[in-house]
Every structure is written in structure tokens, then in C-alpha cells.
Amino acid sequence: MKNIDFLMAGVGGQGTILASNILAEVGLQLGYDVKKAEVHGMAQRGGQVDSHIRWGDKVYSPLVEENNADYLIGFEMLEAARFPHFLKENSLALVNDYRINPPLVNLGKATYPSKKEIETLILERAGKVLWIEGTGIAKNLGNPAMVGVVMLGALSTLIGGDKEAWLDVVGRMVPQKFVELNKEAFNAGCAVTV
Amino acid sequence: MKKLMTGNEAFAYGAYLHGVRFAAAYPGTPSSEILSNYARYPGVFAEWSPNEKVALDAAIGAAYAGTRAMSSMKHVGMNVAADSLFYAVYTGLKAGLVIVCADDPNMHSSQNEQDNRNYAKFAKCPMLEPSDNEEAKQFVGTALDISEQYDTPVIVRSVTRLSHSSTPVEVTDQEPPPPPEEPPVYERDAQKFVMVPANARRRHPVVEERLKQLAEFAESTPINYIEPGDSKLGIVSAGICYHYAREVFPDATFLKLGMVYPLPEKLIHKFAEQVEKIIVVEELDPFLEERLKLMGIEVQGKDIFPMIGEFSPSLVRSCAVQAGLIEAPEAPPEIKSNLERPIRPPMLCPGCGHRALFHVLRENGVLVTGDIGCYTLAFAPPLNAMHTTGCMGASIGVAHGINKAGVKDDVAAVLGDSTFLHSGIHPVIDVLYNQGSTTTIISDNNATAMTGFQEHPGTGKTVQDMETKVVDPEKLVRGIGYEKVDICDPYDIDKMEKILQDHLKSEEPSVIIARHPCVLSTREKHTPPEVDPEICINCGVCLDIGCSPLVQEEDHVRIDTLLCNGCGLCVKVCPQEAIIEK
Chain B
1 MKNIDFLMAG VGGQGTILAS NILAEVGLQL GYDVKKAEVH GMAQRGGQVD
51 SHIRWGDKVY SPLVEENNAD YLIGFEMLEA ARFPHFLKEN SLALVNDYRI
101 NPPLVNLGKA TYPSKKEIET LILERAGKVL WIEGTGIAKN LGNPAMVGVV
151 MLGALSTLIG GDKEAWLDVV GRMVPQKFVE LNKEAFNAGC AVTV
Chain V
1 MKKLMTGNEA FAYGAYLHGV RFAAAYPGTP SSEILSNYAR YPGVFAEWSP
51 NEKVALDAAI GAAYAGTRAM SSMKHVGMNV AADSLFYAVY TGLKAGLVIV
101 CADDPNMHSS QNEQDNRNYA KFAKCPMLEP SDNEEAKQFV GTALDISEQY
151 DTPVIVRSVT RLSHSSTPVE VTDQEPPPPP EEPPVYERDA QKFVMVPANA
201 RRRHPVVEER LKQLAEFAES TPINYIEPGD SKLGIVSAGI CYHYAREVFP
251 DATFLKLGMV YPLPEKLIHK FAEQVEKIIV VEELDPFLEE RLKLMGIEVQ
301 GKDIFPMIGE FSPSLVRSCA VQAGLIEAPE APPEIKSNLE RPIRPPMLCP
351 GCGHRALFHV LRENGVLVTG DIGCYTLAFA PPLNAMHTTG CMGASIGVAH
401 GINKAGVKDD VAAVLGDSTF LHSGIHPVID VLYNQGSTTT IISDNNATAM
451 TGFQEHPGTG KTVQDMETKV VDPEKLVRGI GYEKVDICDP YDIDKMEKIL
501 QDHLKSEEPS VIIARHPCVL STREKHTPPE VDPEICINCG VCLDIGCSPL
551 VQEEDHVRID TLLCNGCGLC VKVCPQEAII EK
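Chains as they are written, first to last, in the working numbering: chain B, 1 to 194; chain V, 1 to 582.
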């Protein structure tokens, strides 16, 4: 089995941690050794949240090494733009087409980079940037917090693996009353890339 | 079957599996989830204690009484609990006592980067260090066995990266022991458990002899082992760093240490004879390196790897390349773009009551001595409303000292409700007793919010969701002798300001309880107000309260309704009355 390294980046409150938990669990279901690392603590206060997920035959470090990530999954454009140095050449970036201003931008003291600039930066490493209207799709389905599951749907079609295995893990890990809605969000994510 | 668990979940599971029936802690990132996970297991007693020292004393008591016990804390919590650690090493215990202690290299959520391995040597207490979460589970059991066999507390050291990483843990190989049929019987033994000088003098030689025996144990325990490899390079490592080193030096011979104090000197000499060159890969202090050097072994460590910050595979590799230990790997071209990416620091949440309090403090030019909690974020721009923060409970003593030094500034100490109950009570006594005039403000949001809304003695609930008595800070300070005590919701900024000015003017020591429950834990939310772009002159006054939904556009301010909590503070501070409540 080929090792696969993922990096997820978002803003506190976007559901990054749940999405990374799902992705790690899917790896375990698919028969990989899995490790996952993230730091939480102050993240709930709107800080950045980045999560490392590694699938492989034998995984030692829970942290992905720079120049080695296969996938960058950005829940927010600027957060995605912080991590291209982790990517290997010709890797793939999936980025939610969504912007949350950091405080300095709100105060008019810094500039939020343009989508074009962010894409150019990520393309220095990635072979492709796949823009996904994740928050838009999740909002249309009734809850913007499902953006993570939409992104995972899109990712699943690129990695492969039994779709039912993915859906099974999603069903087990999201809150009970929102299982069907989340499965819908996952399918909507799949449809983006197919 | 294997299940993904965080390090903290695995510590809790290990404690449950190995018969720990009593656990006590005070929350602190990255250790908080150890106790909250343990508390969910059947047949156990778990408590949030007011602070780490009380937690450790309680765990020691349970272990004196013959019940396996655990206390968990973050690294700086050990400073609070240290007095108890030191006496427990002298007395020993009846049943096993494990102390799980989590360091925070890189200070993801801490005020310093202390390496608590030093406590093992300082207190003469054995220490284990797991490298993944299967080991986290198992080492709790090993620690309890050592504790009972050698009659000593045992520290299990974690770090943020282990506590908060998920790795597979075997969940079906063991069952917890059945609950005891009879209640434990306390065996009275004053010579062992009363540390007056005469008894303590008899115990110190026991401690020294025990360390020698533990060093012998370290030689034979399977958690210290040599992994054969190329004899050109030998790596000594422990904990999470072992995994980084494994990735960077896949062919080297390894000495993997599961027990970092005391060290297995014979095993280390044997390892040294097998390899041509020895490198120690350890975060923070040169704890292993110094010991090896004292043993007369030639090693390198901190001349290759930094003493500051957290390690990662990338960092270990780049240091190893620089030192000529390995060839540089093929890497893609360096990224050329220098696109400016504004930082995203954590901020007080929309709707947070602390914000209104600090707005008032800033508007009145108060010198604020602060404390540890969400509200520490008020130091940052644009609020700029806190001027010192050191450790839990420091705010009041520091304010008292500044007042006694005689500065002209108005000074107030600000700390949260949980922090007040942790270590704010003795300093308010100090102010009163020594005729100080300090104004102490308890910013009471009825939660230990920063670490994840844990219950505390003021909330009326225990960690196991039992209803309990509420410790009311107002009654407490009045009981101590404070006569000038006021309570105010900080969102009533006019009243808040009046009370503040009155207290600051007064020569009497006083307490203000600024009370607004944490909106995240109560889920309080109101309709967002609207900015009338015709009236808004874009002066930026509202932006100075540092609330993330307020966005400056070209000619007016806009409110992001998705993020806004509808607290209405911006409505109150707008000098143009351009923000309208809905």
C-alpha cells in the first residue's frame, strides 16, 4: 500500500477537527496504519487549526514532513495558503472557496491576498488546485458547518476506496440527528469532482 | 481490535484498565482530556479539584488508603503540585499512584516551555515516557506496577504532540480488574506517613536505596531496548521524538528508552560499545545527553538539535543534514512567492462578556494585572487592556505589590472564576491582611472556558455530572472579610464603569464580580444588529473592541451576521449611533 499524507487547514469552528477524525478513521477502515496530529487549545477562539493525517503500511511520526504531503485540504483560502511548503511536487490541493478575514484585515491593517495570488502560490508545488464551493454547498443543504464533509466527499473520489466505507464512517462520527444530512453533504462533495 | 485514540484518551483508558479507581486533576492544555475521559468509565471516581496540588494530595490519600490512583496535570501544574510530589516520594504509598504530566514544547497553550523530566531527578521519582498511544495505555499499567513494587509515585510524561495525536490502540486484549469486594482498610503507620524531621531522616535513605533498585529495574524492563541496525550510527531517544528519529535515520541502531529516570547505565554502555557514534534526539533540555556525558560516553545532542521549541521530522532531518549525519534528500524547488499572509491569532469570541469588561478598563486607563484564561487575550491589539500575566493566580499579588510600591496608576487585578478558585483566594487574603487597597475583578463566566468548559467548584456540577454545592465567590470574599463587594454584568457598561471608578477611588481593598456566563457554554445568541451605512462615518471606534464580525469596508463598517452573536456591545460603543439593534 502506498503511503498517503494529508494536511488539513482551517479556522476554529469550521469543523476541521471532525473532518480530520473522519479521514483518519476511514484510513483505519481501509486497512492502513494511521496517525493524526493536531493542536487544539486556543483554536476555538477563531485561531487557525491545522491537522496532519497519515495513512501507510507503517507510520512512525504523526506529523507530516515538509515536501511530502500528497493532499492539502483547505477549509479556508488563506489557511490553505500557509502550507504549500508541505506539499510534494504534483500533489493536489482541494480548497474551499471561502474567506474568513483575520482580525488585522478587518481592522484595515493588512490585505487578504487575492484568490489568484493564493492559487499561484499553491501551484508552485501542487499540480492542481481544485476550488470547491464547500461552504456554499453546505449552506444550501442547511448547515455551513458541514463544509468538512463536503470536502471529504470530493477527496474520496480522488483517493478511491469503497464509497460505502466512507459513508459508513461519516454516519458513525457525525451527530446522530444529522446523519442523513451529512451523507447528503458527502454525496454533494463527490458530485463536484466526478 | 484497534481503535484510534488520542494520547489523552489512551492514558484514561490505561488507568481504567489497570484498576485506577480514583483520579483527580485541574484542567490544563494539553492534559485536560485525560480526566474528562477517565470520568466516563464505570465504577470509578473522578474529580476536578480546585488546583493541581489539591488534586495530587487527594490522589496520594486514595493511594495511602490502598486504592490505585491517578493525578493528571499540565507541566506548569506540576509546579503547583510539587510540594506534594516531594513528600509522597519520601512517604511512599500503599497502592499504586501514577502522575500523568504533559509538557508543552513550543508553548502551544502555555506560559513557558519547562522540561518536566527535571522533576523526576529533582524529586527522585521514577519517570516513564511513552512514544505513542498504545504505549500511553500500557505505560500507565507499568507505572502502577512499579509504584507498588518500589513504594513510590511514578510520573508518566507526555507532551502536547502525544496527548493530542491519535494513533491506533488495542482495545480488546484486556479487561479491567473486578471492583474490590470489601472497602479498603487504612493501615496506620505514623513513622512512614508523618514527615516530621525524625521520620523524614529515616525515609531519605530509603529513597536513595530505592533509586538504586529502580536503576537495576531499568536494566531489565522491556520498555528500554536496543533496536539493532547499522553500527555506524546509534540514536538514543524516548517519547514522540523517537518516531521523528525513526523516519530520519531508518537504518541506525536505536536505544529506545521507555523509562527516562533513572537510566539503565549498563544497557547504555552496552549500546555505546555496539555503535561508532551516538546522537541523542530529545526535545527541550539535554536531559539524557548530560547523563550520558557524566557516564563518560561521547555523545552529541544539543550541538545538533535545538534546545528551544518543538521537534518535527522536518526539523530533525534538516539538523541531521546540516551536521553531516545524512545526505540531503531530493527536494522540490524552494517556494519563491513571498505572498503576505496575515496572521490569525486567537481572539475573544463574539458575545464574550470579558470583552465588555476590558473595554471599560481600557477606556478608564487602568493598569491591569492579568491572569491565565481566555481573558488573557485582552492584552492583544486592538483591546491592549492587560499589562502583566505570569501564572495562575498571580494577578492579585502582583497588583498588591504594584500598589504598595506607590505608583500613581489606577491598578486592578483581573482573573477568571476558575482561576480565582484555583489560586486567587490566598492573595485576596494577603491584600486584606496587609492593609492593601487592591481592586480585584473576578471576570466570572461560570466555566473553565479556555480548556474546554470544564466544571469547577463554582458551577454546581462535578466532572461526573453530579449536582453539588456551589462555592459562591461573593460569599467567599465577604466571609474572608471584604466589605466592598459589587456584582455587575459587564454588558451594562455604564454601571460597570461607575462601579469600577468607585472601587479604584476607594482606599479599601475591594472585589468586583463581573458576571456574564460564557456564551459558548450557554449558547446564548441574539439577533445581530445592523450598521446603517448612511450614518456610519467609518471612524473605527467599534473596531477597537476587537470583535471579529466587525469588518471595515471602504466607506463603512459591516457586520458579518454568520459570526455575530448579537451581544450589542458595538451598538453601545458607536459614537454616531450608526449600529442599530434589531
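Ideal Cβ positions, reconstructed from N, Cα and C, are used throughout, including at glycine.
Model, not experiment: these values are computed from the prediction.
Measure the CB-CB distance between residue i and residue j and report whether it falls below 8 Å.
i: V:Ala-399; j: V:Val-407; result: no
i: V:Met-450; j: V:Cys-374; result: yes
i: V:Val-511; j: V:Thr-440; result: yes
i: V:Ser-437; j: V:Ala-413; result: no
i: B:Ala-165; j: B:Ala-80; result: no
i: B:Asn-21; j: B:Met-173; result: yes
i: V:Pro-27; j: V:Gln-454; result: yes
i: V:Pro-178; j: B:Pro-102; result: no
i: V:Gly-393; j: V:Leu-377; result: no
i: V:Asn-364; j: V:Leu-562; result: no
i: V:Leu-4; j: B:Glu-25; result: yes
i: V:Ala-58; j: V:Leu-97; result: no
i: V:Lys-461; j: V:Glu-467; result: yes
i: B:Lys-36; j: V:Ser-166; result: yes
i: V:Pro-427; j: V:Gly-397; result: yes
i: B:Pro-84; j: B:Leu-121; result: yes
i: V:Val-366; j: V:Leu-263; result: no
i: B:Glu-117; j: V:Leu-348; result: no
i: V:Asn-106; j: V:Met-78; result: no
Output needed for residue i: all residues of its chain with C-beta closer than 6 Å, excluding positions within five of it in sequence on either side, in chain order.
i: V:Thr-160; result: Pro-30, Asp-104, His-108
i: V:Gly-239; result: Glu-129, Ser-131
i: V:Glu-134; result: Val-169
i: V:Leu-357; result: Ser-443, Pro-490, Ala-514
i: V:His-526; result: Gly-566
i: V:Leu-85; result: Ala-123
I'd like the list of long-range same chain contacts for residue i, defined as Cβ closer than 7 Å, with 5 residues on each side in sequence excluded.
i: B:Lys-115; result: Met-77
i: B:Lys-183; result: Leu-167, Val-170, Gly-171
i: B:Val-179; result: Gly-171
i: B:Glu-133; result: Asp-97
i: V:Asp-560; result: Pro-549, Val-551
i: V:Ala-46; result: Ala-23, Leu-35, Tyr-38, Ala-39, Val-463, Gln-464
i: B:Arg-82; result: Ala-9
Looking at the strands, I want to know which residues DSSP matches up with residue i.
i: V:Tyr-87; result: Per DSSP, none; premise fails for V:Tyr-87.
i: V:Gly-234; result: V:Thr-253, V:Ile-278
i: V:Val-414; result: V:Ile-441
i: B:Leu-7; result: B:His-52, B:Leu-72
i: V:Gly-72; result: Residue identity check: residue 72 of chain V is Ser in the sequence provided, not Gly. DSSP, once it has assigned bridges, lists V:Ala-25, V:Val-100 as partnering V:Ser-72.
i: V:Glu-227; result: V:Phe-254
i: V:Trp-48; result: V:Ala-25
i: V:Glu-530; result: V:Ile-580
i: V:Asp-486; result: V:Ile-512
i: V:Thr-369; result: V:Thr-388, V:Ala-413
i: V:Thr-448; result: V:Gln-454
i: V:Ile-335; result: Per DSSP, none; premise fails for V:Ile-335.
i: V:Val-519; result: Its beta-bridge partners do not exist; DSSP assigns none.
i: V:Leu-4; result: V:Pro-168
i: V:Gln-552; result: V:Val-557
i: B:Asp-33; result: B:Gly-56
Let me know if residue i comes out buried or exposed under the rule of 16 or more other beta-carbons within 10 Å of its beta-carbon.
i: V:Pro-228; result: exposed
i: V:Arg-201; result: exposed
i: B:Asp-5; result: buried
i: V:Leu-294; result: exposed
i: V:Ser-220; result: exposed
i: V:Gln-435; result: exposed
i: V:Arg-188; result: exposed
i: V:Thr-172; result: exposed
So, at 8 Å on beta carbons, what are the nonlocal neighbours of residue i in its own chain, with the 5 sequence-adjacent residues on each side left out?
i: V:Gln-576; result: Ile-535, Cys-536, Ile-537, Cys-539
i: V:Val-248; result: Pro-313, Val-316, Arg-317, Ala-320, Ile-326
i: V:Gly-234; result: Ala-252, Thr-253, Phe-254, Leu-255, Phe-271, Ala-272, Gln-274, Val-275, Glu-276, Lys-277, Ile-278, Ile-279
Please determine whether the Cβ atom of residue i lies at a distance below 7 Å from any heavy atom of the ligand MG.
i: B:Ala-188; result: Only the bare structure without any ligand can be found here, which leaves the ligand MG out of the picture.
Strictly below 7 Å CB to CB, what residues from chain A border residue i?
i: B:Val-95; result: Although the question refers to chain A, the structure presented lacks it and instead comprises the protein chains B and V.
Just to confirm the assignment: which complete beta strand (DSSP E) runs, minimum length 3, are found wholly within the region 117-167 of chain V? 154-159
Ignoring anything shorter than 3 residues, give me the beta strand (DSSP E) runs that lie fully in the region 64-151 of chain B, in order along the chain. 69-74, 87-96, 126-132
Taking the runs of the beta strand (DSSP E) that are 3 residues or longer, which of them lie wholly in the region 193-227 of chain V? 224-227
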